[in-house]
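Quick note, the sequences are listed as chains A and B, same order. Be aware that the first sequence starts at 8, since it is given in our numbering, and climbs by one per residue. Be aware that the second sequence starts at 4, since it is given in our numbering, and climbs by one per residue. These notes are about the structure you will find just below.
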Amino acid sequence: MSGRRIADRGRIDRNRTISFSFDGKRYSGHPGDTLASALLAQGVTLFGRSFKYHRPRGVLTAGIDEPNALVTVLRGKKRDANIPATQLEIYDGLVAESQNRFPSLAFDVGAANQPAGKVFSAGFYYKTFMGPVVGPLRGTRFWMFCEWFIRRAAGLGRADHEPETARYQRMNAYCDMLVVGSGPAGLAAARAAAEQGKRVIVTELDPVAGGSAKWSGETIAGKPAAEWAAGEAEALADMDNVRLLTRTHVWGYYDGNTLAALERVGDHQPVATPGAPHQRHWVIRADTVVLATGAFERPIVFPGNDRPGVMLAGAAQRYAAEFGVLPGKRIAIFTNNDTAYAAAAELASAGATIAAIVDTRQVISAGARELAERAGGELLLGQAVSATSGGKELSGITVQQLDPVTGSASGAKRSISVDCLAMSGGWSPAIHLASQAGAAPKWNDDLQAFLPPDPAQPWLGAGAFSGDTNTADALRNGRNAGLKAAGGRASRAQVAKVEAPTLDPFPAPVFEIRTADGKGKALVDHQLDVTAEDVRLAHREGFLSVEHLKRYTTLGMATDQGKTSNVPGLAIMAEARGISIPETGTTRFRPPFAPVALGALAAERTGDVSPDRLTPMHDWHIERGAEMMPAGLWHRPRIYALPGETLEQAYVREAKTVRAGVGMVDVSTLGKIAVQGPDAAEFLDRVYTNKFSTLPVGKARYGLMLREDGLVLDDGTTWRLGETDFLMTTTTAAAGKVMQHLECLLDVHWPGLKVALTSVSDQWAGAAISGPDSRRVLERVVKGTKVDNETLPFMGIVYGEFDGAPVMICRLSFSGELAYEVYCGAGHGTHVWEALMAAGEPFGILPYGMEALGTLRIEKGHVTGAEIDGRVTARDLYLDWMLSKKKPFVGSAMMDREGLADEERIRLVGLIALDGQPLGGGAHIVEDNSRAEPNESIGHVTAFCYSPVLAKYIALALVRGGKARHGQRAFVADPLRNRYGPVEIVSHHFFDPEGSRMHG
Amino acid sequence: MVERESPLGTAYKPGRHGNVADAAGVTLSETRPGSIVEIVAWPGTEKAALAAIKSVTGLALPDKPRAGVVKSGKAGLGFAPRRWLVIDDKEGLAAELKSAIGIETGAVNDLSHGRTVIRVAGPRAEWVLSKLFAVDFSVDAFPVSNGCSTSHHEIFAQIQRTGRNQFDVIVFRSFARAFFTTLCHAAEETGYDVA
Chain A
8 MSGRRIADRG RIDRNRTISF SFDGKRYSGH PGDTLASALL AQGVTLFGRS FKYHRPRGVL
68 TAGIDEPNAL VTVLRGKKRD ANIPATQLEI YDGLVAESQN RFPSLAFDVG AANQPAGKVF
128 SAGFYYKTFM GPVVGPLRGT RFWMFCEWFI RRAAGLGRAD HEPETARYQR MNAYCDMLVV
188 GSGPAGLAAA RAAAEQGKRV IVTELDPVAG GSAKWSGETI AGKPAAEWAA GEAEALADMD
248 NVRLLTRTHV WGYYDGNTLA ALERVGDHQP VATPGAPHQR HWVIRADTVV LATGAFERPI
308 VFPGNDRPGV MLAGAAQRYA AEFGVLPGKR IAIFTNNDTA YAAAAELASA GATIAAIVDT
368 RQVISAGARE LAERAGGELL LGQAVSATSG GKELSGITVQ QLDPVTGSAS GAKRSISVDC
428 LAMSGGWSPA IHLASQAGAA PKWNDDLQAF LPPDPAQPWL GAGAFSGDTN TADALRNGRN
488 AGLKAAGGRA SRAQVAKVEA PTLDPFPAPV FEIRTADGKG KALVDHQLDV TAEDVRLAHR
548 EGFLSVEHLK RYTTLGMATD QGKTSNVPGL AIMAEARGIS IPETGTTRFR PPFAPVALGA
608 LAAERTGDVS PDRLTPMHDW HIERGAEMMP AGLWHRPRIY ALPGETLEQA YVREAKTVRA
668 GVGMVDVSTL GKIAVQGPDA AEFLDRVYTN KFSTLPVGKA RYGLMLREDG LVLDDGTTWR
728 LGETDFLMTT TTAAAGKVMQ HLECLLDVHW PGLKVALTSV SDQWAGAAIS GPDSRRVLER
788 VVKGTKVDNE TLPFMGIVYG EFDGAPVMIC RLSFSGELAY EVYCGAGHGT HVWEALMAAG
848 EPFGILPYGM EALGTLRIEK GHVTGAEIDG RVTARDLYLD WMLSKKKPFV GSAMMDREGL
908 ADEERIRLVG LIALDGQPLG GGAHIVEDNS RAEPNESIGH VTAFCYSPVL AKYIALALVR
968 GGKARHGQRA FVADPLRNRY GPVEIVSHHF FDPEGSRMHG
Chain B
4 MVERESPLGT AYKPGRHGNV ADAAGVTLSE TRPGSIVEIV AWPGTEKAAL AAIKSVTGLA
64 LPDKPRAGVV KSGKAGLGFA PRRWLVIDDK EGLAAELKSA IGIETGAVND LSHGRTVIRV
124 AGPRAEWVLS KLFAVDFSVD AFPVSNGCST SHHEIFAQIQ RTGRNQFDVI VFRSFARAFF
184 TTLCHAAEET GYDVA
C-alpha cells in the first residue's frame, strides 16, 4: 500500500486487489476505486494533456464534471474515448490510456504549443482558416493542408474503426415519481413517496447511493452520514414499489415528463454477463420528477490553476473520505467560502498536513475558524493564490494580498511549498435538467449561483440543486418534495437529526485572481483550454453576448459542457462589460447532461434496421435457391437461377416458360384489405374512379384510385365476395398508404358510412399461376369446382379445395397469359403451392421471380409503382377510360385542371433499343444524340427488360406527348452509367394488345 | 383439414437459451389457437355485437377501452373503438360469429391465418416486453385480461395480459419470425425457454 492510501476510511474493499494498466504500466487498486482514485493512491498525478496547449493535467474533480483526466478504455480493438478517470470504475484487466499526447504522456512534443499561446487564442479557427490572403500561397488550399496537422494536434481521444461488438438495449419505464440523484435530499424524497405507496424510480450516477453523505463526514440520525445513506438505500431497494438504478445518469428532460437515462450496466465488469447489455438506454415516463442532482463546485481562476495537484476542495475531501486516498501529503486550501474548511479538516484528520488555508475573505465564520484550528496550518485571510510552481506536479504556490476593490493580487509574494492545492470558488447547483425542462435560470446573489428556473413541467427540486446549503434543509425539502409529488402536502414533522458544523453558506463574489504582471495562463475552461484572457479577447473583439462568447471561445463546449467553467466565464465577461452576471445572462442547457454513446441510442437496432417480412412460402423459395430481393420490408424471390446463369438468362428463361407453358409466382405480398359493411359498395364507388356497385358477386374488377389532387394513388383488383363483402388488393408497396387513405376518408370525411376496413394481407397466401397450360394444371389439383371458361370466366371467382385446404381462385392476369390467382389461408400456403408445383410437373411448371414478373408486365404494358410515382395522372397512363363520368370520386374535382389535362405532359410509351443494348431505369430520353451536351430531357425510362417475345431490349417510359411520338426515333441519355443510344418510341402494349391470350 | 404451418420456421428453437445463471426469466411459445376473429361494430351497435359475441363464445366483453376477458382456451379483447379480437382454441369460430352478428350489426373477419400469437410468460415477462414496447406493463396499469394496441417499430402488435406474469402478443403472421427473433434476443439477459 502506497503512502497515499489511508488505512481506515472510504468505501473501498482493501481485502481485494484489482490489477489494471494505464499507459501500458501495471497498477493495482481495490474494489470501489475509480481509475482516478487508484492512480492517485499510487502517486500518479499526471493524467492527460490539454486540448490546445498540451499542458500537463491531473485530476480536477472526483466526478462527472471532470475536464482534465479523460482517458480511453480499450476492449480488444474497441476504443471508448473521453471517459473521465473520475467516473471509471476499475476492474481486473482494465486497459486505459491517456489522450492527446505524442509520443508519451510525460514527454509530449505538442507541448511546444505552449509558448505560442497567443496564436491559439480565442477565435483561432475563424481567424486562421481563411487564408492566406497575401503572399505566394494566396488563393491556394494551403490552409486545408495545414488543417490536418492542426486538427491532429488538437483534440481528445481517438475513436476506432471497428464494428461495435457490445450490446446496447433500450428500456421503457413508467413511474409515479422519478427521483434524480440519491443524496440526502433524493433519498428523503424517495422514501416519503414510496411510503405513500407510489411507484418510485431513483437514479444515481455513482455505483453507490448517498451523494454527499458518502463523504461529508456529518452525522445523520446518530450514524455517520455514509452509513445512514447506505441504510436508506437498502431500505428503498427492498421495497417492491421502488427501483434504485445506480451507475445511471439522467441526461435528457423531454416533453411530457419523458426523461432519458443511461445505465452503465457492464462498463465496470471484466466480462459481460451473457445477454446483458453493455449500457442500457432508459426512457422513463414519470408523473412527477424530483430533481435532487446536487451542485458542482467551481474552481477559482488564477494563473497556473491547471497544474497537476490543483484540484477542487470537495474533490480532495471526497478522495480522502470516500476512496481512502490522500491527494497530497502537504496541502494548501484556497477558498472564497466556508465549505473548503470542512475539506481541510477531513484531509488533516486523514493524515495530510495542511500547510495553509488561503481565504479571499477578511472575515470568516466561527464554524470555519473552528474547522481551521482542527485542520492546523496557517490561516491567511484576505489573501489569494496568484501563481503555482512545479512541472508535471505541483511543488508550491505563491500567495499575495488580495485587493478587495480591484480583485487583484499584489504586494509581497510568499511561496509555500505544497504538493496539492484544494480550491473552492463556491458551488453551482446542477440545474441542467431543470434548464432543459424550464425557462432561464435565476441568479441568486447570496449564493453567487444560478438557481433552477420555474418548472414548465411537473417537477420539484430539493437539496443543493435548489440552493439548500445544509443537509438538514436538504432532508426536509427532499421529504416534502416526495410528499408533494405523492399528492400530499409538506410535513412539519422533524426530519432525522443532522450533526454538522455551522458554516456561513454564502461565498464571497470572487471568481478570478488577476495579477499585476498578468503572467501565466489562468484557465477557465480546462478541457478546451479557454483562459480568462480569451474571454477578455472575445469582449474586445465584440463577442459580448454569452451565445457569441461560447461559440467564439468554445467556452463550455467540450464533453463536460462547462460544468466547472460556465459561471466563472460569465463572471469574467460580466466584469469586462461592467455589468452584473445575471445581466450578462447564461446559455440554456441542452441534452445530454453527460456524453451518451450513439450505440446506446440505437440500442438493439444496430445491424437490424428493419424487420424481415416473409411470405408463407419463404422457406420454399430459399430451399429452391431463389435469390431474394427486398420489396419494402418484404423479401421476394428475384430469380431462381440455375448454376452458372446470369440474372438476365434466368429471368428470360422464366418468362419464356410462362409464355410457352406455365409458371408460378408468389403474390402473397399484395396488399389485401377486407372492405365490409352495408355501405361497402357505395364507399368503393367513391374511392375508385370506376364503378364497383355494379360488380356482380363472384367477380373481380380492376380499379384505379386517385388522390384528392387528381393524381393516381394506386391500382389493383377488388373482388366482390358477397353483397356487402369486398376484398380489395393493392400493390405491395402501397398497401399501408392506401389503408391510411381509406381510414382517413371513413373517419374524417364520411363517418356516416357503415364500412369496416381490416388488413387481411397476412391472412391469405397467394400464388399466381400463368401460361397457356395454367388451366390444365389447376384442373389436376382443385376439388369442388370446375375451372373451365364457363364456370370461371375472365375476372371470375370460384371456391374449391386442394387436398383439404380451402382455396379461392380468381382468374386474372398480370402477365397477359391465361392466368389465375389462387388464394388460401396463409398457414396452408406452402401446402397449396407445393400441390400446384406437383400438378404442374408434367407441364414443366417453373417458379418465377420478380424479374420475370416485371418482364411479362412490361411486355404487356401494365403499370406498377414505377410508373405510378405520385406525379402521373390517369390520362398520362392512358387509363382515362377508367374515369367514370357518371359519379364523383376522390380526385374527380381536381383531375381536369389545365396542367393535368395537358397533352404535352410526359405520358406512357414503350421504347425499343435500336442498338441492341440494355436500357436503364431512370435514364433520360432526348431528341438528338449529342453525347457531350445532351439537349433537354423529354422523359425518362421507368422500367426495362430484355423481351424474350420481341428478342429486343425494351422499356416503358414516360415521354412528353406520349402517343403522338409513336414511331419516332429518340435517344436514351444516361450519363451516370455512360449509356447513350438510339431508341424507337412505340406503344406500351408490346405484346398481344388485343388480350386474346388471357381471355382464351 | 390441413394442419396450419407455423410462421416461426427456423427461428423456433425449443429449449433453454440465453443467460443460464438462474432460472429462465421467461418462457416463449406460440399458442396456435384454432380461431382468431376480428369483430367491428357500427356506431350504436356495440352492445348488440358484444351480446352476439357472448352468445357464441361465452365471453362477456366489457364495452371499455383496452378491456378484455380471459377464460380457459379463449380470450377476447377490445383493441380499438368498436373493435374486438376473439381468440379461441376452437376452429371455425368466424363463421359462427358471422351468422350471429350479421352485417347490420357489424363486420366479422377471420384472421386465424393472418395473425400469430406469441406468449411471453414468466417472472421477467414485464421486463423483457418493456425493452420492446413503450407500454406500462405493471399490473396496476395493465391488469390481467386487459390489452393494448401498439407497435414495435414497423411491427403492429396487440398485447393482452392473460395472466399475472403472462402476456399474449398478437402480430401479423408475416412479421412473426422477425418479432420472435427480436423477442428471443431481448430475453437473453434473463435467460429464456422456448416451449
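All C-beta atoms in this analysis are idealised placements derived from N, C-alpha and C, irrespective of residue type, glycine included.
Could you tell me whether any Cβ in chain B is nearer than 7 Å to the Cβ of residue i?
{"i": "residue 731 of chain A", "result": "yes"}
{"i": "residue 644 of chain A", "result": "no"}
{"i": "residue 832 of chain A", "result": "yes"}
{"i": "residue 838 of chain A", "result": "yes"}
{"i": "residue 568 of chain A", "result": "no"}
{"i": "residue 765 of chain A", "result": "yes"}
{"i": "residue 536 of chain A", "result": "no"}
So with Cβ pairs under 7 Å, would you call residue i a contact of chain A?
{"i": "residue 178 of chain B", "result": "yes"}
{"i": "residue 33 of chain B", "result": "no"}
{"i": "residue 117 of chain B", "result": "yes"}
{"i": "residue 149 of chain B", "result": "no"}
{"i": "residue 49 of chain B", "result": "no"}
{"i": "residue 12 of chain B", "result": "yes"}
{"i": "residue 7 of chain B", "result": "yes"}
When you compare only the Cα positions, how much space is there between residue i and residue j?
{"i": "residue 399 of chain A", "j": "residue 56 of chain A", "result": "10 Å"}
{"i": "residue 806 of chain A", "j": "residue 828 of chain A", "result": "12 Å"}
{"i": "residue 22 of chain B", "j": "residue 453 of chain A", "result": "55 Å"}
{"i": "residue 527 of chain A", "j": "residue 386 of chain A", "result": "26 Å"}
{"i": "residue 129 of chain B", "j": "residue 316 of chain A", "result": "49 Å"}
{"i": "residue 919 of chain A", "j": "residue 610 of chain A", "result": "50 Å"}
{"i": "residue 568 of chain A", "j": "residue 538 of chain A", "result": "16 Å"}
{"i": "residue 716 of chain A", "j": "residue 640 of chain A", "result": "28 Å"}
{"i": "residue 379 of chain A", "j": "residue 423 of chain A", "result": "17 Å"}
{"i": "residue 24 of chain B", "j": "residue 194 of chain B", "result": "8 Å"}
{"i": "residue 393 of chain A", "j": "residue 418 of chain A", "result": "11 Å"}
{"i": "residue 135 of chain B", "j": "residue 125 of chain B", "result": "16 Å"}
{"i": "residue 848 of chain A", "j": "residue 802 of chain A", "result": "26 Å"}
Can residue i and residue j be called in contact, C-beta distance under 7 Å?
{"i": "residue 946 of chain A", "j": "residue 967 of chain A", "result": "yes"}
{"i": "residue 672 of chain A", "j": "residue 775 of chain A", "result": "yes"}
{"i": "residue 244 of chain A", "j": "residue 251 of chain A", "result": "yes"}
{"i": "residue 52 of chain B", "j": "residue 44 of chain B", "result": "yes"}
{"i": "residue 437 of chain A", "j": "residue 302 of chain A", "result": "yes"}
{"i": "residue 601 of chain A", "j": "residue 297 of chain A", "result": "no"}
{"i": "residue 560 of chain A", "j": "residue 545 of chain A", "result": "yes"}
{"i": "residue 666 of chain A", "j": "residue 702 of chain A", "result": "no"}
Show which residues of chain A have a CB atom less than 9 Å away from the CB atom of residue i.
{"i": "residue 107 of chain B", "result": "685, 761"}
Residues of chain B with a CB under 8 Å from the CB of residue i: which are they?
{"i": "residue 611 of chain A", "result": "134, 185, 188, 189"}
{"i": "residue 181 of chain A", "result": "139, 141, 144"}
Under 7 Å between beta-carbons, which chain A residues line up against residue i? List them in chain order, please.
{"i": "residue 158 of chain B", "result": "618"}
{"i": "residue 112 of chain B", "result": "681, 765, 767"}
Using a Cβ cut-off of 7 Å, pull out every chain B residue sitting near residue i, in sequence order please.
{"i": "residue 178 of chain A", "result": "133, 134"}
{"i": "residue 203 of chain A", "result": "By Cβ distance, chain B contributes nothing, its closest Cβ being about 14 Å from residue 203 of chain A, past 7 Å."}
Run through chain A and tell me which residues come within less than 8 Å of residue i, C-beta to C-beta.
{"i": "residue 181 of chain B", "result": "618, 619, 620, 621"}
{"i": "residue 152 of chain B", "result": "Result: empty, since nearest Cβ-Cβ is about 13 Å, beyond 8 Å."}
Counting only Cβ pairs nearer than 9 Å, list the residues of chain B close to residue i.
{"i": "residue 281 of chain A", "result": "21, 22, 23, 24, 191, 192, 194"}
Taking contact to mean 3 or more Cβ pairs, one atom from each stretch, closer than 8 Å, check whether the segment 360-379 of chain A and the segment 278-287 of chain A are in contact. no
Cβ contact (3+ pairs, closer than 8 Å) linking the segment 641-659 of chain A and the segment 942-961 of chain A: yes
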